[in-house]
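Engineer:
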Amino acid sequence: MTPEIKEEIAAKKPEILDFLRAAKIPTNTVDLEIIPVSRDQNLPLSFAQQRLWFLQQLSPDSHSYNLLDALRLEGNLNLLALEQSLSELIRRHEILRTTFPMIEGQPIQRIAPPSPVSLPLEDLQGLSK
1 MTPEIKEEIA AKKPEILDFL RAAKIPTNTV DLEIIPVSRD QNLPLSFAQQ
51 RLWFLQQLSP DSHSYNLLDA LRLEGNLNLL ALEQSLSELI RRHEILRTTF
101 PMIEGQPIQR IAPPSPVSLP LEDLQGLSK
């Protein structure tokens, strides 16, 4: 933004605020309250989700937006703490519990309720390196 534009905006700030008030457009973040929506209904996709869904339809075998990683854990593993941590992560982040079924030809979001993570434990100590 050029200094001239900044100066012009500053000079017209009262007019801009009057216009926003008249249009009932929130002028601060206190007015921008997020209203929760019931998770028991079919939810539309956000614009970003629509874009990714469309790209998936164009190229269903693409793994472009899949992220994966492997970790090597050394030392003693507290399996209960790991399970509880993963369960809490999934509880806090709805997107990790969201599926995108088709209803009447349109994709929707369906958010599953949180459920505890249970990890299988296999003792591999007897295997050679």
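The sequence shown begins at 1 in UniProt numbering and counts up by one. Cβ atoms here follow ideal geometry from the backbone N, Cα and C, with glycine treated the same way. All of these numbers come straight from a predicted model, not from anything done at the bench.
1) Starting from PRO107, follow its DSSP beta bridges and name the residues at the other end.
2) Which whole-angstrom value is the C-beta distance of SER118 and GLU88, which I expect to be below 8 Å?
3) In terms of residues, what are the limits of the alpha helix (DSSP H) holding LYS13?
4) So what does DSSP say about LEU96, is it helix, strand or coil?
Structural biologist: The relevant details are as follows:
1) MET102
2) In fact, because the Cβ distance is near 14 Å, the residues do not count as touching under 8 Å.
3) LYS13: member of the alpha helix (DSSP H) spanning 13 to 22, first to last residue.
4) Taken through DSSP and simplified to helix, strand or coil, LEU96 comes out as helix.
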